[in-house]
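Novice: Submitted below is the structure of interest, expressed as structure tokens.
Laid out in structure tokens, this is it:
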């Protein structure tokens, strides 16, 4: 009997099957099926998160079913502190994206079918403990992305954006696949089981030459999927052209797959190679933070601004990974979860603005807060979270990564603080001024706020979760810490021992400077 974790993955896929069997003109029933499937998946994700016991060593909610026994391929899922929060975040964003799909009015059946397949693939990728299914579920989620942008996308550059994102992400996935295949071949005995591979290389380290061959493949393969600078140009264009629900899911959740792959596979299994690449990663993450921050400042299209902002935030995650210490890894996972909620909220709001105003050109917008007190306030909240304002989960994660990275990369961290956070404040506050304040254009006098609790639910769900984890970060950090410590221990194998910053839960909860490295 499948457990709650498997049902989190299965409900969207079963919903997709039900939608496929429903006549296309039964739009109401199709929407109900999609909403029910994503809601049930969310309930299972919440149950897994609340039942997760941080004091238990290893994976929980494990389940495995043999598939191709001759190759050792099996459906195997489980959660630890690294992915339990990501699965919860993914389920929340999936339900919010399904709620926002009412904006789609053409080919409704096909859209919901692809959306539910995408959701099932996303959740399956984060839960998988088998290399084959880890990659398979990612591709199951990625292919609908291309189709949805090509068919339901918007803007004059829709076709270019579709080809661009398809070429970039296909190339990244192919490079990552080569690295994962090489990893499978490096095992002795060979296995696709991530848990078994981790134990195997913890006991008998992979030869350094093999590490140096495989790690760059995973770094740049996964890096392209994450939009690591300079392989990032697909992201802003793709998100600007994507339908709202697709942008929410991809920018919020699926893009974190590459970061999760680096955390779960590359860092712990190839420590010597990882250590030699950390300086390069620190340089590249500045490209994300500074370059994309300046590009965002120049944007007059809201979706392009949000797309570049999303890429910039990934730089803080890479900075946390580069620190290779407990605070940095914990902070990186925290940012992944917080940014997933923030990106989904931001793109959901921009989709609502586009539906009402027919444009995302900020020069043609203004005074929205007069007509949209609820959605306008939600946009203000998203902007403040994007600036790293205390009280939101984003602040906690970014503070942790910056404090953690300062010991190893003081110059990079200083630039990231003054460059990234100040630049982010400029472009987000400017967007708030241009969209929410000032006179309302006469041609937009008919715009309306979200009507009824059902239309407000996706926005409320996302920003309330951001606030909960912002004022009570221990709900996440206490679950993340034990698994993060295991990754740090393996990633620092063979490295001279050095004191690392320590996490003080009380300080995290109060968002105080006690997160600084202890002398």
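In this note's numbering, the protein residues as written are 517 to 1035. From the three backbone atoms N, C-alpha and C, an ideal C-beta is built for every residue, glycine too. Treat the numbers as computed from the prediction; the structure is a model and nothing was measured.
Please list the terminal residues of the continuous beta strand (DSSP E) segment that includes residue 583.
Specialist: Start at 1 with the first residue of the chain shown, and residue 583 comes out as number 67. It spans 576–584 - the beta strand (DSSP E) in which residue 583 sits, taken as one unbroken run.
Novice: Is it true that the segment 755–770 meets the segment 853–861, where meeting means three or more beta-carbon pairs spaced less than 8 Å apart?
Specialist: yes
Novice: Count the other C-beta atoms from every protein chain shown that fall within 10 angstroms of the C-beta of residue 582, then say buried if there are 16 or more, exposed otherwise.
Specialist: Here residue 582 is taken as the residue at index 66 of the chain shown, counted from 1. Exposed is the call here.
Novice: Helix, strand or coil for residue 880, going by three-state DSSP, please let me know.
Specialist: Within the chain shown, numbered from 1, the residue matching residue 880 stands at position 364. Note: residue 880 maps to helix in three-state DSSP.
Novice: On the DSSP bridge list, what partners appear for residue 592?
Specialist: Translated into positions along the chain shown, residue 592 becomes position 76. Residue 592 is bridged to 580.
Novice: Skipping 5 residues on each side, what residues in its chain have a beta carbon closer than 6 Å to that of residue 520?
Specialist: Residue 520 sits at position 4 when you count from the first residue of the chain shown. So the list reads 560, 563 and 564, once near-sequence residues are dropped.
Novice: Look at the alpha carbon of residue 868 and the alpha carbon of residue 551, and state the distance between them as a whole number of angstroms.
Specialist: Within the chain shown, residue 868 is the residue found at index 352, counting from 1. Within the chain shown, residue 551 is the residue found at index 35, counting from 1. Using only the alpha carbons, I get a separation of about 18 Å.
Novice: For residue 544, count neighbouring C-beta atoms within 10 Å of its own C-beta (all shown protein chains included) and say buried if the count is 16 or more, exposed if not.
Specialist: For the purposes of this step, residue 544 is identified with residue 28 of the chain shown, where counting begins at 1. Label assigned to residue 544: exposed.
Novice: Pop quiz: residue 924 and residue 851 are said to be a contact at Cβ under 8 Å. What is the actual Cβ separation, rounded to whole angstroms?
Specialist: Reading the chain shown from its first residue, position 408 is the one you call residue 924. Reading the chain shown from its first residue, position 335 is the one you call residue 851. Not really, about 18 Å apart at Cβ, beyond 8 Å.
Novice: Please state the DSSP three-state secondary structure of residue 709.
Specialist: One-based indexing of the chain shown puts residue 709 at position 193. The answer is strand: DSSP assigns residue 709 an E or B state.
Novice: Using three-state DSSP, classify residue 567 as helix, strand or coil.
Specialist: Against the chain shown, residue 567 aligns to sequence position 51. Correct three-state label for residue 567: helix.
Novice: Does the distance from the CB of residue 774 to the CB of residue 822 come in under 9 Å?
Specialist: Reading the chain shown from its first residue, position 258 is the one you call residue 774. Reading the chain shown from its first residue, position 306 is the one you call residue 822. Result no, Cβ atoms of residue 774 and residue 822 do not sit closer than 9 Å.
Novice: Quick check on the burial criterion: 16 or more other C-beta atoms within 10 angstroms. Buried or exposed for residue 755?
Specialist: In the chain shown, counting from the first residue as 1, residue 755 sits at position 239. So residue 755 ends up on the buried side.
Novice: Please confirm whether residue 581 has its beta-carbon closer than 9 Å to some beta-carbon of chain C.
Specialist: No chain C appears in this structure, which consists of one protein chain only.
Novice: Can you tell me the Cα-Cα spacing of residue 1036 and residue 611, whole angstroms?
Specialist: Outside the modelled stretch of the chain, which goes from 517 to 1035, sits residue 1036, for which no answer is possible.
Novice: Identify which residue in 809, 600 and 883 has its Cα closest to the Cα of residue 644.
Specialist: As a first step, residue 644 is located in the chain shown; it is residue number 128 there, counting from the start. Ranking 809, 600 and 883 by Cα distance to residue 644 puts 600 first.
Novice: Within a Cβ cutoff of 8 Å, which residues of the same chain sit near residue 865, ignoring the five residues on either side of it in sequence?
Specialist: In the chain shown, the residue the question calls residue 865 occupies position 349. Cβ neighbours of residue 865 beyond the five flanking positions: 891, 894, 895, 898 and 975.
Novice: Are the beta-carbon atoms belonging to residue 761 and residue 733 less than 9 Å from one another?
Specialist: Along the chain shown, read from residue 1 onward, the residue named residue 761 stands at position 245. Along the chain shown, read from residue 1 onward, the residue named residue 733 stands at position 217. Contact: no.
Novice: Using the beta-carbon count (16 or more within 10 Å), is residue 628 buried or exposed?
Specialist: Counting from one through the chain shown, the residue named residue 628 turns up at place 112. Buried: at least 16 other Cβ atoms inside 10 Å.
Novice: Look up residue 743 in the DSSP assignment and say whether it is helix, strand or coil.
Specialist: In the chain shown, counting from the first residue as 1, residue 743 sits at position 227. Residue state, collapsed to three classes: coil.
Novice: Kindly indicate the opening and closing residues of the alpha helix (DSSP H) around residue 862.
Specialist: Numbered from 1 along the chain shown, position 346 holds the residue referred to as residue 862. In the DSSP annotation of this structure, the continuous segment of the alpha helix (DSSP H) that includes residue 862 starts and ends at 842–873.
Novice: What did DSSP end up calling residue 725 once you bin it into helix, strand or coil?
Specialist: Counting from one through the chain shown, the residue named residue 725 turns up at place 209. Three-state DSSP puts residue 725 in a helix.
Novice: Would you mind sorting residue 763 into buried or exposed? The rule is 16 or more other CB atoms within 10 Å of its CB.
Specialist: Position 247 of the chain shown holds residue 763. Label assigned to residue 763: buried.
Novice: From the DSSP output, which residues share a beta bridge with residue 817?
Specialist: By one-based count along the chain shown, residue 817 stands at place 301. In the DSSP output, where bridge partners are listed per residue, residue 817 has 877.
Novice: Over what stretch of residues does the alpha helix (DSSP H) that includes residue 946 continue unbroken?
Specialist: For the purposes of this step, residue 946 is taken as the residue at position 430 of the chain shown. Counting along the chain, the alpha helix (DSSP H) containing residue 946 begins and ends at 938–952.
Novice: Cα separation between residue 993 and residue 853?
Specialist: Working through the chain shown from its first residue, we reach residue 993 at position 477. Working through the chain shown from its first residue, we reach residue 853 at position 337. One C-alpha to the other measures close to 11 Å.
Novice: One question on the structure: do residue 779 and residue 701 come within less than 9 Å of each other, judged by their Cβ atoms?
Specialist: Residue mapping note: residue 779 aligns to position 263 of the chain shown, counting from 1. Residue mapping note: residue 701 aligns to position 185 of the chain shown, counting from 1. Not closer than 9 Å, so no.
Novice: Rounded to a whole number of angstroms, what is the C-alpha to C-alpha distance between residue 1013 and residue 651?
Specialist: Reading the chain shown from its first residue, position 497 is the one you call residue 1013. Reading the chain shown from its first residue, position 135 is the one you call residue 651. Annotation note: pLDDT 43 at residue 1013 (below 50); position unreliable, coordinate value reported separately. Going by the C-alpha atoms only, they are around 34 Å apart.
Novice: What is the residue span of the alpha helix (DSSP H) that residue 801 lies within?
Specialist: Your numbering for residue 801 matches position 285 in the chain shown. From DSSP, the alpha helix (DSSP H) with residue 801 extends over 787–802.
Novice: Taking the Cβ atom as the reference point for each residue, do residue 962 and residue 828 lie within a distance shorter than 9 Å?
Specialist: Within the chain shown, the letter at position 446 stands for residue 962. Within the chain shown, the letter at position 312 stands for residue 828. Result no, Cβ atoms of residue 962 and residue 828 do not sit closer than 9 Å.
Novice: Measuring alpha carbon to alpha carbon, tell me which of 845, 826, 797 and 910 ends up nearest residue 986.
Specialist: Taking the chain shown and counting its residues from 1, the one referred to as residue 986 is at position 470. For residue 986, the nearest C-alpha among the options comes from 910.
Novice: In three-state terms, what does DSSP make of residue 965?
Specialist: Mapped onto the chain shown, residue 965 falls at position 449. The answer is coil: DSSP assigns residue 965 none of H, G, I, E or B.
Novice: Count the other CB atoms, across all protein chains shown, that sit within 10 Å of the CB of residue 539; report buried if there are 16 or more and exposed otherwise.
Specialist: Residue mapping note: residue 539 aligns to position 23 of the chain shown, counting from 1. Looking at its Cβ environment, which holds fewer than 16 other Cβ atoms inside 10 Å, residue 539 is exposed.
Novice: Nearest to residue 951 by CA position, among 720, 990 and 886, is which residue?
Specialist: As a first step, residue 951 must be located in the chain shown, where it is residue number 435. Selection 720, 990 and 886 evaluated against residue 951 yields 886 as nearest (Cα-Cα).
Novice: For residue 810, tell me which candidate among 687, 943, 617 and 607 has the shortest Cα-Cα distance.
Specialist: Here residue 810 corresponds to residue number 294 of the chain shown, with the count starting at 1. Selected option, being the one with the closest Cα: 943.
Novice: Counting C-beta neighbours from all protein chains within 10 Å, is the total for residue 676 16 or more, i.e. buried, or is it exposed?
Specialist: Within the chain shown, numbered from 1, the residue matching residue 676 stands at position 160. By the 10 Å Cβ count, residue 676 comes out exposed.
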